[in-house]
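Numbering (our numbering), first residue to last: 63 to 383.
Just so you know, even glycine gets a beta-carbon here, dropped at the ideal spot from N, CA and C.
Worksheet for the structure shown next.
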Amino acid sequence: MFKILSMAMIAASMCLPSVAAAETYPNGPVRMIVGFPPGGSSDIAARVFAESMSKSLGQPVVVENKAGAGGNVAAAEVIRTKPDGYTVLYATSGIILGPLVNPAANYDAVTDFSPVAVTASNPLVFVVNKDVPAKTLAEFVDWAKTQDNLNFASTGAGTMTHLPAAAFIAEFDIKATHVPYRGASPAMVDLANGNAQFMISALSEARAMLEAGRIRALAMTTTERVPGYPDVPTMKEAVGTDNFVMGGWQALVVPRGVDPRIVEKLNTAVNDAVVSEAVQKQFAPQGTQLVGGTIKEFTEFMRAERVRWKKIVEESGATAG
């Protein structure tokens, strides 16, 4: 009996450090890793959320940029870190999409990460270089079918700016070469300069070039027209298909194995940010929808997204190239 009690006491004592760590979390800075360069929509959003979450958590949340491979470099780094809640990933849709087209990514978003919460969703817009002669998306399809050397830009292979475009050219039998970039800024510059002719971009990342008149919007991947862009039709209005109702989402995840109580604290901090007037004021002009929600909702969403995009990848034949 004494031996059994002793073993039980030892087992209980081994759990104490974990309990204490969860109860006092965070007692130091939290690293928020972003998989894209400074200045893009993900980086800007991460910094807004980091500032708000710092106030909720009572410790600094420090953003670090680890750009490359459409966010896969950052994802791989976060997976390798100690699962203690002090390193988090500000992820995009690419966390689901990337491994579907790039086996070298070597991770599974559903099994290698613990979901925290979706932070925001951004409308996607089909944009073209200003010198493209088509004025509507239907005209673009007709024009593109006569071209042999079209390029479309993306923010990286396996991102939400790559796969929708790959699905589009497959559906409408268009020949075009995918040109991936290390983030939105260089992709937009090359699109504006004519090195690429079209792109499906997050609206927030295309706004500056649209307002400058260097690119033109032909359609939105939304169910209704976007406020501020009443003259830009939805994809269904433009070409009659429901297959392109989609948006680019952003979210917070942590490595698998983080104490659920710590994940709950991070989820609360994200939801505090979503309802913060200061955060809402910064996102409103971009047409970005703040999301939030429960861990369970995000978990189910991630699984559904993987099923949806796996089918799209298989039907479009999209690859990392």
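field: Beta carbon proximity, V316 to chain B, threshold 7 Å
entry: Within the model displayed, chain B is absent; a lone protein chain is all it includes.
query: Within 10 angstroms of its Cβ, does K237 collect 16 or more other Cβ (buried), or is it exposed?
result: exposed
query: Is the beta carbon of Q342 less than 7 Å from the beta carbon of S183?
result: Between Q342 and S183, the CB-CB gap reaches or exceeds 7 Å.
- request: Take A232 and list the residues in its own chain whose beta-carbon comes closer than 6 Å to its own, dropping the five residues that flank it on each side.
  value: Excluding sequence neighbours, A232 sits near S378.
field: Best match in V125, M261, S114 and F111 for proximity to P100 [C-alpha to C-alpha]
entry: When each option's Cα is compared against that of P100, the closest is V125.
query: In whole angstroms, what is the alpha-carbon distance linking N333 and G130?
result: 29 Å
query: For W311, which residues does DSSP report across the bridge?
result: S183
field: Residues bridged to Q351 [DSSP beta-bridge criterion]
entry: S183
Inter-residue spacing [alpha-carbon to alpha-carbon] between I374 and V337: 34 Å
- prompt: In whole angstroms, what is the alpha-carbon distance linking G132 and A83?
  reply: A direct Cα-to-Cα measurement between G132 and A83 gives close to 33 Å.
field: Helix, strand or coil at S266 according to DSSP, with G and I counted as helix
entry: Secondary structure of S266 (DSSP, three-state): helix.
message: With a threshold of 8 Å, are at least 3 pairs of Cβ atoms found where one atom belongs to the region 250–262 and the other to the region 213–233?
response: yes
message: My output table needs one value for E326: the three-state DSSP class, helix, strand or coil.
response: helix
- prompt: Buried or exposed: F64, going by 16 or more other Cβ atoms within 10 Å of its Cβ?
  reply: Note that F64 has pLDDT 46, beneath the 50 cutoff, so the model's placement of it is unreliable and the number below is only indicative. By the 10 Å Cβ count, F64 comes out exposed.
message: Let me check understanding here. Comparing Cα to Cα, which of S103, V96 and M250 lies closest to V123?
response: The shortest C-alpha separation from V123 is found at V96.
message: Quick check on the DSSP output: the alpha helix (DSSP H) that includes N255 runs from which residue to which?
response: A246 to N255
query: By how many angstroms is the C-alpha of L119 removed from the C-alpha of E367?
result: 30 Å
- prompt: Going by DSSP, what residues sit across from S216 in a beta bridge?
  reply: P242
task: Along the beta strand (DSSP E) that carries T154, what are the first and last residues, could you check?
output: T149 to T154
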